[in-house]
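Notes to accompany the following structure.
Residue numbers (the working numbering): 113 to 467.
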């Protein structure tokens with residue numbers, strides 16, 4: 113595919129956009145009411161879907177072993193992602209703060225139709241809250257499916273998400289079921305929170321790209337309104353759809369001088385084709401993209417000749433003791449490696465952009 117169809121970001125960076133509204137988790141972890149915590153966590157799970165309205169360009173497919181890190185000092189979290197599989201593409205993600213940990217895997221099964229692409233998300237997302245009383249709560253959910261409808265003649269593609277999202281608090285048994293996933297501007301949605309007995313005790317409502325409101329019932333039998341309050345409001349997004357990048361996304365490619373010595377040679381910001389595209393050097397970006405893909409194929413052939421299976425460097429496969437599901441976990445070895453002295457840091461990490 114010609115590089116001009118891409119945006120100057122990798123999928124590893126695009127998924128960092130899921131944490132744009134991490135303040136929702138920061139608020140949730142300080143709440144004493146478990147129902148309100150679930151409303152905020154469910155709103156966080158919803159907030160990431162507002163980014164679908166800006167998916168008019170294609171991100172770079174990461175090379176196998178490519179990584180990306182992002183640290184937000186204001187919201188007090190750090191994000192790390194690694195491309196752990198090439199065919200089909202799969203990346204593992206872990207974001208953490210002193211009070212919570214969020215992780216999961218991003219992979220899809222796509223079905224190409226005459227005028228549309230069906231995108232089915234694979235994998236569960238896990239969020240662990242470390243509460244004020246010293247206990248922990250585990251929440252899980254799966255992303256909804258997506259249909260990208262391609263125009264027959266001209267115009268922008270239409271993106272719709274479908275299917276219910278169930279955000280479960282495994283510690284209390286409470287569940288929030290959200291439906292109405294359409295990305296059209298002004299599209300409404302509604303979510304319902306059920307307690308461990310299956311009784312409706314709260315609701316979410318709002319419009320995509322705008323706001324989310326919570327409503328906790330005083331009486332679960334009569335469904336009397338107790339407290340209605342705004343949980344979330346979307347940041348203003350750029351009207352310019354030439355690059356379709358929000359201010360949050362634009363900042364993800366920045367490499368401050370102080371950071372340069374700390375990131376590994378596998379970081380997406382060091383990809384020469386991606387950087388060339390950002391600088392407007394499209395022909396050079398095409399040449400570099402082909403070179404990187406050829407290098408990746410050579411490494412794959414070498415592993416095949418040596419009868420070696422590829423193993424991710426920073427993530428490992430484990431079984432969740434609460435849900436029983438297999439998942440990719442990060443053991444923080446990446447951050448320990450990052451803290452080593454300049455001479456030892458990333459010494460054993462292969463430079464996939466040159467070798």
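In this text, a Cβ means the ideal position worked out from N, Cα and C, and glycines have one as well.
Source: prediction; values computed, not measured.
Judged by DSSP in its simplified three-state form, residue 428 adopts strand.
In this structure, residue 324 and residue 212 do not form a Cβ contact; the two beta carbons are roughly 19 Å apart against a cut-off of 8 Å. Excluding the 5 residues flanking it on each side, residue 181 has same chain C-beta neighbours closer than 6 Å at 192, in chain order. Considered as a whole, the region 125 to 194 harbours 170 to 172, 179 to 184 as its complete beta strand (DSSP E) runs of no fewer than 3 residues, in chain order. According to the DSSP secondary-structure assignment, residue 290 is paired through a beta bridge with 277, 303. In the three-state reduction of the DSSP assignment, residue 119 falls in the strand class, which pools E and B. A contact between stretches requires three or more CB pairs, one per stretch, nearer than 8 Å, and the region 397 to 408 fails this requirement with the region 150 to 161.
Residue environment: residue 380 is assigned as buried (16 or more neighbouring CB atoms within 10 Å of its CB, all protein chains considered).
DSSP places residue 409 outside any beta strand (DSSP E); the residue lies instead in the alpha helix (DSSP H), whose first and last residues are 394 to 417. Here residue 363 carries a helix assignment [DSSP, helix/strand/coil]. With fewer than 16 neighbouring CB atoms inside 10 Å of its own CB, residue 113 falls in the exposed class. When only Cα atoms are considered, residue 458 and residue 441 end up about 20 Å apart. In this chain, the alpha helix (DSSP H) harbouring residue 447 covers 445 to 450. Residue 197 is bridged by DSSP to 202.
Between residue 317 and residue 302, the alpha-carbon positions lie close to 4 Å from each other. Separation of the CB atoms of residue 386 and residue 146 is rounded to 43 Å, and the pair is thereby denied contact status at 8 Å.
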